[in-house]
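S.K.: Letter by letter, the sequence shown follows residues 227 to 700 in the working numbering. Glycine residues also receive a C-beta, built at the ideal position from the N, C-alpha and C atoms. Computed from a prediction, not measured in an experiment: that's the story for all the values here. Input: one structure, supplied below.
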Amino acid sequence: GAPPLGEVIERIGMGPAQCRIWVLTGGVFVADGAEMLLIGSVTRAVSDEWHMTSWQQGAVVSVVFVGLLIGNMLSGVLGDVFGRRLPILLSYCGVFLFSVWSAMSAGPLELAAIRLVVGVSIGIGQPAVYALTSETTPARWRIVCCVFLSIGFVVGELWSAALIWYDDPTMLNLRWRWVLVMGVLPTASLAMLAVCLLPESPSYLVVKERRTEALQVLESMRDQNRVQGTPVEFKAQDTFECSSNARSWLFANRIIWGEKFFCSTLVVLFAMLTANIVYYGSLYAFPQVATDIDFGMSAATTLAIGAGWEAVGVLLTLAGLYFPRIPMMKGSFLAMFASLVAFAVGVTGSSRLVSSEAEAMFFFAMLHGGYLCIKISVNVGFSVTYQYAAEIYPTVARTTGVSTSAAGARVGGFVAPLFFGLFHEATGGHAAFFVFLSAFCVVAACLVAILPFETFGRALDSDIDETGPLVAKA
227 GAPPLGEVIE RIGMGPAQCR IWVLTGGVFV ADGAEMLLIG SVTRAVSDEW HMTSWQQGAV
287 VSVVFVGLLI GNMLSGVLGD VFGRRLPILL SYCGVFLFSV WSAMSAGPLE LAAIRLVVGV
347 SIGIGQPAVY ALTSETTPAR WRIVCCVFLS IGFVVGELWS AALIWYDDPT MLNLRWRWVL
407 VMGVLPTASL AMLAVCLLPE SPSYLVVKER RTEALQVLES MRDQNRVQGT PVEFKAQDTF
467 ECSSNARSWL FANRIIWGEK FFCSTLVVLF AMLTANIVYY GSLYAFPQVA TDIDFGMSAA
527 TTLAIGAGWE AVGVLLTLAG LYFPRIPMMK GSFLAMFASL VAFAVGVTGS SRLVSSEAEA
587 MFFFAMLHGG YLCIKISVNV GFSVTYQYAA EIYPTVARTT GVSTSAAGAR VGGFVAPLFF
647 GLFHEATGGH AAFFVFLSAF CVVAACLVAI LPFETFGRAL DSDIDETGPL VAKA
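What follows is the structure in structure tokens.
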């Protein structure tokens, strides 16, 4: 008989069809990277213009993460009910319109309100992107897709760093309104292409009983990959009753919070929370630290080098082609812990007078080594954890599963700037904040070790019980 849909995707193979989808969806992550670096970098310029306190500066950044949380939650509803394509297109439109609008803000409250909506716009797209790319990519290549999307984030950061360097390398007199407008240009370009060329997920079409449309998408993918002789007929679902019930978002939530996935959902949520609080917390903190501590180069150059090392971390994620997901997540969180502690030591030593040149060199090495290793390890952990979340749930609950974990994890991004401000006001320095982050990493590494499912190399199907092939760890 005809094979399952997941096997058809495997037979179509990797090629231009997947590359097109990756590029058209990657703009959501380009926007995220550009936004995160820009909003942290322009904080001082905005504060100087409107005379904001440290707490207010952190709040303006934190509202973006509140928006991401709201957007992630909405993405689950939109993605599993209306399809993966719609939330991605809404994300593109919202990011462009509200980023430009935010550059015209007249005060901190207006800026915060508009940046909240920018965060919602980015958050709506991300879970849908992970679902769509996972459902159209062969199992072996899904981690490569994850790497590609992460590179999009780095591209966004590099674009923002280039804008900052061009405008003011010292970051003391940034034209923040101009920077915010220019930061959205790459995303706007990809948005126009996505409207015309981005397909719907065949897995989603199947569970919605739109078989003819699913076959059309598969035929288009087959033709783009130049494997015209490959049949795209797939096995019908065993029961349509499941497909009908799966229309309900509540049904999807019963799956992800049911007995089978309850533990996995909680652990993945905390792991993603940790990845978010470390990633976005350090992303917000580094521009502040770079202006207060001598790295031996300009602040803008320091940020650009950090973004470049993020690319190294993204490439290391390709190890997921050969290594299971759970050991990679565990190792990356332990590496984050060591890097954060080293950076905290370097920050402490660089902030005080040292007694010898050897001591100065030690603290300098800890500062730079910790900084670069944070950039590398956090990208591996962030990427692999998000990819794992997109693989453990069945099609009818995949976007909801990713969005629920991602939304909860956004709390980490929300509280990180606030904690940075609180630790800075309480201690007068930056080191305590990074020690605080390191504690999360130890807990996450321990929890990841108890995850019951390993998804490495497993094909995704559209059946309601498609998680059957996921094997429990021995």
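1. Please go through the same chain and pick out, in chain order, the residues whose beta-carbon is closer than 6 angstroms to the beta-carbon of V606, but skip the five residues on each side of it.
2. Could you compute how far the alpha carbon of R684 sits from the alpha carbon of C667?
3. Between T292 and E459, what straight-line distance do the alpha-carbon atoms span, to the nearest angstrom?
4. I'd like the ranges of any beta strand (DSSP E) spanning at least 3 consecutive residues and lying wholly in the segment 327–405.
5. In chain order, what residues of the same chain lie with their CB nearer than 8 angstroms to the CB of S328, ignoring the 5 residues before and after it?
6. Evaluate F488 with the Cβ neighbour count: other Cβ atoms within 10 Å of its Cβ, from every protein chain shown; 16 or more gives buried, anything less gives exposed.
7. Can you grab the Cα-Cα spacing for the pair V515 / L593, in whole Å?
8. Where do the ends of the alpha helix (DSSP H) carrying I238 lie?
9. Can you round the beta-carbon distance between Q244 and T362 to whole angstroms, since I take them to be within the 8 angstroms contact cut?
10. Apart from the five residues just before and just after N471, which ones in its own chain have a Cβ nearer than 6 angstroms to its Cβ?
11. Would you mind working out which of A635, Y356 and A530 sits nearest S376, comparing C-alpha positions?
12. Distance, Cα to Cα, D518 vs A635?
13. Between which residues of its own chain and M262 is the CB-CB distance below 7 angstroms, once the five residues before and five after are set aside?
14. Does the segment 280–288 come close enough to the segment 297–306 that 3 or more CB-CB pairs lie under 8 angstroms?
15. Just the C-alpha distance for T630 and W483, rounded to the nearest angstrom, thanks.
16. Any idea if D258 is buried or exposed, counting beta-carbon neighbours within 10 angstroms, 16 or more meaning buried?
17. Would you report the Cα separation of G266 and P513, rounded to the nearest angstrom?
18. One question on the structure: do A526 and I390 come within less than 8 angstroms of each other, judged by their Cβ atoms?
19. Work out the CA separation of A615 and V494 for me, nearest whole Å.
20. Flag this pair as touching only if the segment 656–667 and the segment 562–575 have three or more C-beta atom pairs under 8 angstroms; answer yes or no.
M.R.: Quick look at the numbers:
1. G539, L542, T543 and S558.
2. For R684 and C667, the distance between alpha carbons rounds to 27 angstroms.
3. This sequence places Val at residue 292; Thr is not what is there. Going from the Cα of V292 to the Cα of E459 covers about 43 angstroms.
4. DSSP runs (the beta strand (DSSP E)) wholly in the segment 327–405: none.
5. Counting only residues of its own chain and dropping the five nearest sequence neighbours on each side, S328 has a CB closer than 8 angstroms to the CB of L337, I340, R341, V344 and L406.
6. It is exposed - the Cβ of F488 has fewer than 16 other Cβ atoms within 10 Å.
7. Distance between the alpha carbons of V515 and L593: 11 angstroms.
8. Run containing I238: L231 to I238, per the alpha helix (DSSP H) assignment.
9. So it is a contact: roughly 6 angstroms between Cβ atoms.
10. At N471, the pLDDT of 42 sits below 50, so the modelled position is not reliable; the number obtained from the coordinates is stated separately. Exclusion of the five residues before and after N471 leaves F477 as the residues of its chain whose Cβ lies within less than 6 angstroms of its Cβ.
11. Comparing C-alpha distances from S376 to each of A635, Y356 and A530 shows the shortest one belongs to Y356.
12. Whole-angstrom Cα-Cα distance: 29 angstroms.
13. Spatial neighbours of M262 in its own chain (CB-CB distance under 7 angstroms, excluding positions within 5 residues in sequence) are listed in chain order as Y506 and L509.
14. The way I'd put it, the segment 297–306 doesn't touch the segment 280–288; fewer than three beta-carbon pairs between them come closer than 8 angstroms.
15. Roughly 10 angstroms between the two C-alpha positions.
16. Buried, since its Cβ has 16 or more Cβ neighbours within 10 Å.
17. Here the C-alpha atom of G266 lies approximately 7 angstroms from the C-alpha atom of P513.
18. Cβ atoms of A526 and I390: closer than 8 angstroms.
19. Cα to Cα, the separation comes out at about 7 angstroms.
20. Contact holds between the segment 656–667 and the segment 562–575, because three or more Cβ pairs, one in each stretch, are under 8 angstroms apart.
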